[in-house]
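Chains as they are written, first to last, in our numbering: chain A, 1 to 404; chain B, 1 to 404.
All C-beta atoms, glycine included, are put in the ideal place defined by N, C-alpha and C.
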C-alpha cells in the first residue's frame, strides 16, 4: 500500500491556461478503462523534455525526440496506457508515427507538432486502430479543468494517482504550475522517469525550458529507485503554454525552484506508491569527494534486496547496510572513518557498531513508515539524496502476475 | 526449494591425504548446532585463496590475508557459522587473531599458520569464548573422512549441503580433489564467494596454486549471483596437501581443469540453493566486443527483480529482458542487431519480437526448472556465461526473518 500518499483532491490540481486535456476509453488492454489522454497546447507553447537512456527505448520515445528536434513546436501530446510500444521494431515506429498523423489531422496541425507516449507491457504490438478510434472521443472531452482525470488515465500498476500544483508570484504576476506522473515498478530513472508531465502558463524560451527541465529531473526523478530497472519509456515533459508571465534570466530562479519542487513531490509520490511498498526511505550520503560517489553508495544501499527486505520486516539488521557500502565500488573508501545513522540514531562508526547503539533504538526507527538512512564519509564536501522503498511479498506478487 | 540439487551422499566426498577435519558444537548462535570446523593440514601443504573485494571485509578475511602474506605456510583453517565477525572494528580483528592463537596452541604451530573464516550475521560481536571452548572438541574429532560432516557444519541459510569430489590420473598417478562450499543469499561474488574450500593431495607450489585458484574462481564463483549483494566474508581456498603427485607446468592443465570443474559445480550448487530459488537460469551472452560488456549485460539480466519475478511466475514476459539489455550501460549497442533466445526458441530480433515467436513456445521453456537465456550481440567474438536463480516469495520471507 502507498506509504503516506493520498490521491490529489478533485479540485487540488489547478488548470493551466493554454493547456486543455481530454480523456477517452480506447479499450487498448481491456474495455471500460480510461486509457487515452490527449493534451492540446496553445500556439504560443514551448515544450522540453528528458527521456530514458535505455538503448531499447520505446518507439514513442524515438518519435517524440525526433519531433522535438524538428523545431516546429508542439501542439499536442498523446499518451496511452496498456501497451508500451517498446521492443516492437520498425512496426512500432510506424504505429507511433501513425498516432501522431491521426492526431494532427484531428486538431489541424503538423504531425511533427504531436508528441506520442506509451506505457504498459513491453514487446506487444500497439493496437493502433483502437487508439485512432479513441482520439475523437478524447478531443470531444478537451477542457482546462481535466488534470484530475488525466492523472488517473495514465496509471498502470499505480495504486494512487499522482498530481501536484503550485501557484507562485513572479514580479507581481501569478504563475501556475501543475504536474502529473505515473510509475510504480520498473523505476530507476536515468534522465527522467516513467511519464511525468508538468505544465505552466508561463512563457519560457525553448532552450531555457530544456535547461530547467533537466535541472528539475536531476534533482527529483533521477534520485529515485524502486527496483533498479530503468524503463524503456521514461519521459518527463515540461510544457510552458506561453499565455502568461514571461520567464527570463531575471526571474528564472523562483520559477526553477517551483518546477523542481513539483517534480520532486511527483518523484517521491512514485516511490511512496512503489510496487508493494510499505516504507519510504530517504538515503542521504554526505562528506563524499564528489556527487557521483555519494550516489554510487546511495544506490548500492537502495538496490540491495537484503536491505529492502530488512526494511519490510522492520528488522534493524543494519550490518547489511555496511556490506552494501563496502561493495558499492568506491575502491579507496576508509570504512573506519564513516558513520551510519538511522534517523538520529548513530548505528556504526570506527568500522563497527557504535558503542552507544541500542537495538531498541534501531527497532524504534525501523518501525516507522518514513525512515532516513544517513551515511557520512568524512572525505569531502559532496552529498546526494536518494529516495526508495522496501521490498515486500507484494512486489513479488505484483510482478509475478502483472501480465496475467 | 533447491533446484535440481541433492546433498552429496555420505560416501561421495573422497578423503584427501594430508587433510583432516574436525567438527564441534560450539553454541555460537544457538545450542545443538555443529557450527565449528577445524581443518588440519600436513606440513607439506600449500594454500592459496581469493577473497571478497568488499571494502567492509570481515575481520577474519583481513587476518587470513595477513597470515597468507606472512609466507609461513598454513597448518590449519578454522571456520565458524552463526556470526560473520564483519562490521566489528578493532575488537573483531582481535577476536579473529585470538581464534588463531588458541588454535595454534592446541595444534602446536604458529598463530600465523592458522587461517580464520566466519559466516553469519554482520555487526554482532564474535562470541570468542565459545569458539575457544569448542576447539578441543573439534580437535578430538579430526579425521580424513569427515568432509560430509564438514559440508553440513558450514551451512547457514543453505538448505542443501554442497560438496564435490573428483579423482583424476596425472602421469599415471591418482590425484584427488574434494571441495565443499556454503552460500545461499548475499551472493554476488567478486573474486570469490562465501566460503568455498577445495583440497587436493597434489603438491603444488604456492605461486602456481594462487594462479590456479584465481583462474578457477573467475570461471565459477565469479560467474554467479543470487541477489547482487557481495558479501563481506567471501573466500575461496584451494589447499594442496603436498603428500601426493607433484604438479608443474607439464601437468598443470588437467589439474587446473579438474579444479575449475569442482569449483563450477560448487558455485552452481550455491545458485541452485539460492534463497527461495525455484529456477536455475544460465545466462549466455555471445558476440560481444569483450568479455566485460558480455558480463555487464548478463548481470543486468541476472539482477533485474522484474525478470527474476517473471521467471518465478513462469511468465514469458520477455520484454523485461530487452529492457535490461537496454539499460545495461553498453552505450553504443545496436538493439536492431541483437537476438534473444530462450533455450532454443528465438524470442526477439530486429529490435522487437521475432515473427516466428509463439507465446506457447516461450511458455513451455519458462515452465522448466533449468532455463538458458541466450543473447547474441553480433558485434564481436567475446562471450560470457553467468548463473542465477529466480526471485520468489520465499526470498522475501527468508530475508525478512533471518535474524529473528
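Cα-Cα separation, residue i to residue j
i	j	result
residue 110 of chain B	residue 29 of chain B	28 angstroms
residue 287 of chain A	residue 376 of chain A	5 angstroms
residue 130 of chain A	residue 235 of chain B	58 angstroms
residue 317 of chain A	residue 336 of chain A	19 angstroms
residue 155 of chain B	residue 85 of chain B	16 angstroms
residue 304 of chain B	residue 180 of chain B	29 angstroms
residue 404 of chain A	residue 315 of chain B	Caution is warranted here: a pLDDT of 44 is assigned to residue 404 of chain A, below 50, making its placement in the model unreliable, and the coordinate value is therefore given only provisionally. Roughly 8 angstroms separates the two Cα atoms.
residue 216 of chain A	residue 395 of chain A	28 angstroms
residue 196 of chain B	residue 269 of chain B	11 angstroms
residue 18 of chain B	residue 88 of chain B	34 angstroms
residue 354 of chain A	residue 62 of chain B	21 angstroms
residue 387 of chain A	residue 150 of chain A	25 angstroms
residue 405 of chain A	residue 345 of chain A	No statement about residue 405 of chain A is possible, as the shown extent of chain A runs from 1 to 404 and does not include it.
residue 162 of chain B	residue 52 of chain B	20 angstroms
residue 92 of chain A	residue 37 of chain A	19 angstroms
residue 359 of chain B	residue 218 of chain B	36 angstroms
residue 330 of chain B	residue 324 of chain B	11 angstroms
Buried versus exposed call for residue i [16 or more other C-beta atoms within 10 Å across all chains shown]
i	result
residue 77 of chain A	buried
residue 313 of chain B	buried
residue 272 of chain B	buried
residue 43 of chain A	exposed
residue 319 of chain B	buried
residue 279 of chain A	buried
residue 231 of chain B	buried
residue 381 of chain A	exposed
residue 368 of chain A	exposed
residue 54 of chain B	buried
residue 374 of chain B	buried
residue 108 of chain B	exposed
residue 356 of chain A	exposed
residue 326 of chain B	buried
residue 275 of chain A	buried
residue 99 of chain A	buried
residue 401 of chain A	exposed
residue 334 of chain A	exposed
residue 167 of chain B	exposed
Close beta carbons around residue i, own chain, < 7 angstroms, minus the five adjacent residues each side
i	result
residue 102 of chain A	132, 135
residue 69 of chain A	none
residue 170 of chain A	245, 251, 254, 255
residue 308 of chain B	390, 391
residue 350 of chain A	336
8 angstroms Cβ shell around residue i - same chain, five flanking residues per side excluded
i	result
residue 384 of chain B	223, 284, 285, 288, 291, 294, 295, 298
residue 371 of chain A	279, 280, 281, 282, 311, 342, 343, 365
Anticipated Cβ contact below 8 angstroms, residue i with residue j, distance rounded
i	j	result
residue 58 of chain A	residue 233 of chain A	4 angstroms
residue 117 of chain A	residue 189 of chain A	Not a contact, Cβ separation roughly 15 angstroms.
residue 173 of chain A	residue 245 of chain A	4 angstroms
residue 138 of chain B	residue 23 of chain B	6 angstroms
residue 321 of chain A	residue 157 of chain A	Their Cβ separation, rounded to whole angstroms, is 28 angstroms, which puts residue 321 of chain A and residue 157 of chain A out of contact at 8 angstroms.
residue 176 of chain B	residue 41 of chain B	The Cβ separation is near 15 angstroms, so there is no contact.
residue 120 of chain A	residue 82 of chain A	4 angstroms
residue 240 of chain B	residue 209 of chain B	6 angstroms
residue 213 of chain B	residue 50 of chain B	6 angstroms
Contacts around residue i, its chain only, beta-carbon distance under 6 angstroms, and the 5 residues preceding and following it disregarded
i	result
residue 198 of chain B	179, 238, 262
residue 247 of chain A	202, 204, 255
residue 160 of chain A	2, 5, 7, 273
residue 328 of chain A	296, 297, 300
residue 186 of chain B	229, 231
residue 306 of chain A	320
residue 363 of chain A	316
residue 267 of chain B	220, 221, 224
Original post:
Listed from N- to C-terminal order along the chain, which residues in the segment 235-246 of chain A have their beta-carbon within a distance smaller than 9 angstroms of any beta-carbon of chain B?
Top reply: Answer in chain order: no residues at all.
Original post:
Got a sec: which bits of the segment 111-122 of chain A sit with their beta carbon under 8 angstroms from any beta carbon on chain B, in order along the chain?
Top reply: 121, 122: these are the residues of the segment 111-122 of chain A whose beta carbon lies less than 8 angstroms from some beta carbon of chain B, given in chain order.
**OP:** Using a Cβ-Cβ cut-off of less than 8 angstroms, give me the residues of the segment 348-370 of chain A that come near chain B, in sequence order.
**Re:** Residues 348, 350, 351, 352, 353.
Original post:
Closer than 9 angstroms, Cβ to any Cβ of chain B: which residues of the segment 37-54 of chain A, in chain order?
Top reply: Per Cβ criterion, the list reads 52, 53, 54.
**OP:** Check each residue of the segment 308-320 of chain A: if its Cβ is closer than 8 angstroms to any Cβ of chain B, include it; give the result in chain order.
**Re:** For the segment 308-320 of chain A, which is checked against every Cβ of chain B, the residues closer than 8 angstroms are 309, 310, 312, 313, 315, 317, 318, 319, 320.
**OP:** Residues of the segment 275-290 of chain A with a CB closer than 8 angstroms to any CB of chain B: list them in chain order, please.
**Re:** For the segment 275-290 of chain A, which is checked against every Cβ of chain B, not one residue is closer than 8 angstroms.
Subject >> Within 9 angstroms of chain B by C-beta, residues of the segment 170-185 of chain A in sequence order >> reply: Those residues of the segment 170-185 of chain A that come within reach of chain B (Cβ to Cβ, closer than 9 angstroms) are 185.
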